[in-house]
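Student:
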Amino acid sequence: MANDLTDKQAAEILGVKPTYLAHLRCTTRQTKLPYEKRGIHVYYRQEDVEAFRDMRAEKKKHSRKKAKCPHD
18 MANDLTDKQA
28 AEILGVKPTY
38 LAHLRCTTRQ
48 TKLPYEKRGI
58 HVYYRQEDVE
68 AFRDMRAEKK
78 KHSRKKAKCP
88 HD
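Under the numbering used here, the first residue of the sequence shown carries the number 18, and numbering increases by one thereafter.
1) Excluding the five sequence neighbours on either side, which residues of its own chain have a C-beta within less than 8 Å of the C-beta of K77, listed in chain order?
2) Identify every run of the beta strand (DSSP E) within the region 43-81, keeping only runs that are complete inside it and at least 3 residues long; order them along the chain.
3) How far does the alpha helix (DSSP H) with K34 in it reach, from first residue to last?
4) Using only CA atoms, which one of H79, R70, E75 and A74 lies nearest to E29?
Rendered as structure tokens:
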């Protein structure tokens with residue numbers, strides 16, 4: 018529980034809005050970010066949020082490489 022983050026805290030670390038995290042919880046198209054619901058509140062483990070952030074950064078890095086023009 019000491020490393021638990023609220024949706025607002027997790028969103029801040031990820032650089033997204035809390036509504037994006039709500040979207041992730043409701044869809045299967047995106048990579049899931051593990052969470053725990055306690056009553057009406059949602060909590061994320063800090064380790065999971067950081068791993069998700071790093072995974073997103075890695076995906077962005079690879080997609081930028083693919084987007085380069087072969088003639089450059």
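All C-beta atoms, glycine included, are put in the ideal place defined by N, C-alpha and C.
Tutor: Once the coordinates are examined:
1) Along the sequence shown, read from residue 1 onward, the residue named residue 77 stands at position 60. Excluding sequence neighbours, K77 sits near nothing in its chain.
2) 53-55 and 58-62
3) As a working note, residue 34 is residue 17 in the sequence shown. Segment: none, K34 is in no alpha helix (DSSP H) and carries neither H nor E.
4) What you label residue 29 is simply residue 12 of the sequence shown in a count that begins at 1. Out of H79, R70, E75 and A74, R70 has the C-alpha closest to the C-alpha of E29.
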